[in-house]
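What the sequence shown shows, in the numbering used here, is residues 133 to 385, in sequence order.
Built from N, CA and C at the ideal position, the CB exists for glycine as well.
As the structure is a computational prediction, the values presented were derived from the model and not from experiment.
Report on the structure given below.
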Amino acid sequence: MAAALARLSRRTLADPSRLVPLRRLLSAEAAAPAVSPAAGPPLTPSDRVKWDYRGQRRIIPLGQWVPNIAVDAYVAPNVVLAGQVTVCDGASVWNGAVLRGDLNKITVGFCSNVQERCVLHAAWKSPTGLPAETLVERYVTLGAYSLLRSCTIEPECIIGQHSILMEGSLVETNSILESGSVLPPGRRIPTGELWAGNPARFVRKLTHEEILEIPKLAVAINDLMQSHFSEFLPYSTVYLEVEKMKKALNISL
């Protein structure tokens, strides 16, 4: 075999006219894809399966930690819960919120609500020495677009929209933080006070009527949650099966 190839190469080099068809042959073989006979014809773009696996995952386990959601808690379909996250009974997490418990625990207490586009996460440890987990206790209203990191919110509080609570901050019971406020690391809002600003400062004491309205707001959002929860389907195509069943039973759509 080797001797035959050597003779062919010597003849080709001796006659330059033979180089042109040889070059054409080699270029055609290089351009053609290598297909084994058992593999069949090559696939065209139209033959490829058109599945899209890029859909958003709502529940993301991390290692041994799996998010824990109570049976009667409402978590919107486009919410992301990752790692050490607990959503307690009657709580609600609304559209676009992200709760990332990859470094420490995040807890949303009974009848509390985390509204649209909020971000909650936690650090390994707090520089103030306080607990590094993020804890939102019962009857707390957390306004949309707020950011919480390794902070504690005690029962019956209101956090206004676009607020930022940094590491080690503490909001005590029956307190209100106005919209757009920033609570620096280690800052504490005492019981029954209204704070606002960047950085947040004391504004005034809350009246008795205002304190009574705080849990009522959480309950009102919980009632609104029930209407969303009754229409919620865990998988995006289940509604097609429901419509088929309604048609089969002659139920009006």
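Closest by CA to residue i, which one among the options?
i	options	result
Pro259	Glu363, Gly318 and Asn330	Gly318
Gly261	Asn245, Thr284 and Glu248	Thr284
Ile353	Thr218, Glu248 and Pro209	Glu248
Ser362	Ile192, Ala205 and Lys376	Ala205
Glu342	Gly324, Leu356, Phe334 and Pro287	Gly324
Gln293	Cys250, Glu286, Glu269 and Leu315	Cys250
Ala254	Gln216, Arg333 and Gln358	Gln216
Ile296	Val351, Gly228 and Ala328	Ala328
Arg333	Ser307, Ala350, Glu345 and Pro209	Ser307
Val451	Asn382, Ile383, Ala380 and His360	Absent from the model: residue 451. The displayed extent of the chain is 133 to 385, so no value can be given.
Gly300	Arg336, Met377 and Ser282	Ser282
Asn236	Val207, Cys243 and Val198	Val198
Leu349	Lys378, Ala380 and Arg270	Arg270
Pro287	Ile191, Val207, Val240 and Ser311	Val240
Glu345	Pro209, Val272, Val268 and Val207	Val272
Thr305	Pro347, Leu381, Asn382 and Ala380	Pro347
For residue i, does the three-state DSSP call read helix, strand or coil?
i	result
Val351	helix
Phe334	strand
Gln216	strand
Ala380	helix
Val230	strand
Val374	helix
Gln342	Reading off the sequence, residue 342 comes out as Glu, not Gln. In the structure shown, Glu342 sits in a helix (DSSP, three-state: H, G or I).
Ser362	helix
Leu262	coil
Ala170	Reliability of the predicted coordinates at Ala170 is poor, the pLDDT of 46 falling under 50, and the value obtained from them is presented with this limitation in mind. If DSSP states are grouped into helix, strand and coil, Ala170 belongs with the helices.
Ala160	Note that Ala160 scores a pLDDT of 43, beneath 50, so its modelled location is shaky and nothing firm can be said.
Once the 5 residues before and after residue i are set aside, which same chain residues still bring their CB inside 6 Å of it?
i	result
Leu252	Leu231, Ile238, Thr266 and Leu280
Val303	Ile285, Cys289 and Ile321
Leu338	Gly324 and Leu326
Ile291	Leu274, Gly275, Ser278 and Leu309
Pro122	Since the first residue of the chain shown is 133 and the last is 385, residue 122 is not available in this structure.
Ala130	Past the edges of the chain, shown from 133 to 385, lies residue 130, and the structure says nothing about it.
Ile191	Pro199 and Leu213
Take residue i and list the residues in its own chain whose beta-carbon comes closer than 8 Å to its own, dropping the five residues that flank it on each side.
i	result
Ala202	Val219, Cys220, Asp221, Gly222 and Ala223
Val351	Cys243 and Tyr271
By DSSP's criteria, residue i is part of a beta bridge. Which residues make up the other side?
i	result
Asn200	Thr218
Arg281	His253
Leu302	Thr284 and Arg320
Ala205	Partner(s): none; Ala205 has no beta bridge.
Val314	Ile296
Glu325	Lys337
Val240	Val219 and Val268
Val246	Val225 and Leu274
Leu309	Ile291 and Trp327
Spatial neighbours of residue i within its chain, please: C-beta separation below 7 Å, excluding the five flanking residues on both sides.
i	result
Glu373	none
Lys257	Ala264
Glu234	Going by the sequence as given, residue 234 is Asp instead of Glu. Counting only Cβ-Cβ distances below 7 Å, and skipping sequence neighbours, we find Leu194, Ala214 and Gly215.
Ala208	Val225, Trp226 and Asn227
Ser311	Gly275, Gly292, Gln293, His294 and Ser295
For the beta strand (DSSP E) that residue i lies in, which residues bound it at each end?
i	result
Leu194	Neither: Leu194 is in no beta strand (DSSP E) and is coded neither H nor E.
Val272	From DSSP, Val272 is part of no beta strand (DSSP E); its letter is neither H nor E.
Ala223	No beta strand (DSSP E) contains Ala223, which DSSP labels as neither H nor E.
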